[in-house]
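Let me begin by presenting the structure, written as structure tokens, before commenting on it.
Residue numbers (the working numbering): 176 to 533.
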């Protein structure tokens, strides 16, 4: 597989195919960006290898499974629950909670992993998410959903929704406060998190509304017609060409048609009223920038509330591992951590459009 031939930070100057003006990458982040070595052409096997750690650094820093998570987070316990999914498929839920006994039911983060809906598992990049929750006495539930192309949309979102309903209905036995569940999704998981919240609103289940949602660099819109889609067709590790291929796998024959629903691609939604308060976080120099901004704007137009961050000069996943020595990375992670602290604070209630019940 031929890798991209130029340093990503210099792509706008060196790649003649880039003709649309675009923001420059942050110079402090540029050395990190240029370490990336991605094939120009999409390769599903390569992507699944990266998600499993097979294609990553030799020291294992990016290999995520129960063993590596416990190595970094020995204060947690781990239990697994297998439930029946919408197609009689098995859905595994990994539940992580502090070993220390709780004095009351804990808030929970319902985690949906990244990987473009075509790769990854419930452990993928979970350790950095747990890092964001430092200082919060909470439970983390991570869902194992089916992947495309073996299961087309909205199958993966239906799995995530089924898991969420189960967690809410079994909250007491899990030590979870059902009124304090925050849905979290990163990248492709951000699409599934958004779709899950839409399903919960439309189906009025779980009976107790979801408290909040965090969409972290979410992959929301399959149409790929925005300015940022055109700006980062080339010269970006997560290029528009790669995202286009993922959407084709996710949607199958529906790709490019008007039959795609918000449960398949949440960016298609025009009604974002009565949704849990949202936090949307995206880099200025990534494909998902404009669809994320548009989703936040639609939430505002419909009366829902959303905190939006667009990090200047930042690329997709730039802050997955915190670095206090890089102010932009540290600020981005602190913003997410602070939002979690506010969203999961005991006694606070979810708000919806114009105060109407969801």
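Where a beta carbon is used, it is the ideal one built from N, C-alpha and C, also for glycine.
Interface flag, residue i vs chain D, CB-CB below 7 Å
i           : result
residue 247 : Looking at the structure shown, chain D is missing, and only one protein chain is on hand.
Terminal residues of the beta strand (DSSP E) in which residue i lies
i           : result
residue 309 : Where residue 309 is concerned, there is no enclosing beta strand (DSSP E), given that its DSSP letter is neither H nor E.
residue 253 : 251–259
residue 359 : 351–361
residue 316 : 314–319
residue 273 : 265–273
residue 282 : 281–287
residue 456 : 453–458
residue 388 : 387–391
residue 424 : From DSSP, residue 424 is part of no beta strand (DSSP E) but of the alpha helix (DSSP H) over 415–426.
Pair within 7 Å by beta-carbon distance, residue i and residue j
i           : j           : result
residue 221 : residue 251 : no
residue 293 : residue 339 : no
residue 197 : residue 406 : yes
residue 421 : residue 291 : yes
residue 415 : residue 399 : yes
residue 394 : residue 368 : no
residue 392 : residue 491 : yes
residue 501 : residue 304 : no
Own chain partners of residue i with C-beta closer than 6 Å, once the 5 adjacent residues on each side are dropped
i           : result
residue 346 : 353
residue 418 : 462
residue 211 : 412
residue 314 : 272, 281, 283, 351
residue 189 : 181
residue 429 : 435
Nonlocal neighbours in the same chain, by C-beta distance under 8 Å from residue i, ignoring five residues either side
i           : result
residue 233 : Below a pLDDT of 50, predicted positions are generally treated as unreliable, and residue 233, at 35, falls in that range; no measurement from the model is reported.
residue 255 : 267, 268, 269, 270
residue 485 : 457, 458, 459, 464, 467, 468
residue 230 : Its pLDDT being 48, under 50, residue 230 is placed unreliably in this model, and the value from its coordinates should be taken loosely. Once the five neighbours on either side are set aside, the close Cβ partners of residue 230 are 221, 224.
Residues near residue i in its chain [Cβ-Cβ closer than 7 Å; skip 5 each side]
i           : result
residue 521 : none
residue 214 : 176, 177, 178, 221
residue 510 : 484
residue 426 : 327, 328, 397, 435, 439
Minimum C-alpha distance to residue i - residue among the options
i           : options            : result
residue 312 : 300, 286, 289, 351 : 351
residue 578 : 248, 337, 297      : Nothing can be reported for residue 578: it is not among the residues displayed for the chain, which extend from 176 to 533.
residue 300 : 476, 244, 433, 320 : 244
residue 475 : 445, 436, 305      : 445
residue 325 : 219, 274, 187, 493 : 219
residue 382 : 341, 409, 401      : 341
Where the alpha helix (DSSP H) through residue i begins and ends
i           : result
residue 505 : 502–518
residue 340 : 330–344
residue 468 : 464–476
residue 208 : 205–209
Okay, do the region 368–385 and the region 437–454 touch, 3+ Cβ pairs below 8 Å being the bar?
yes
Indicate whether the contact test is met: 3 or more Cβ pairs, each with one atom in the region 253–269 and one in the region 204–215, closer than 8 Å.
no
Report yes or no: do three or more beta-carbon pairs, one from the region 430–444 and one from the region 177–186, lie closer than 8 Å?
no
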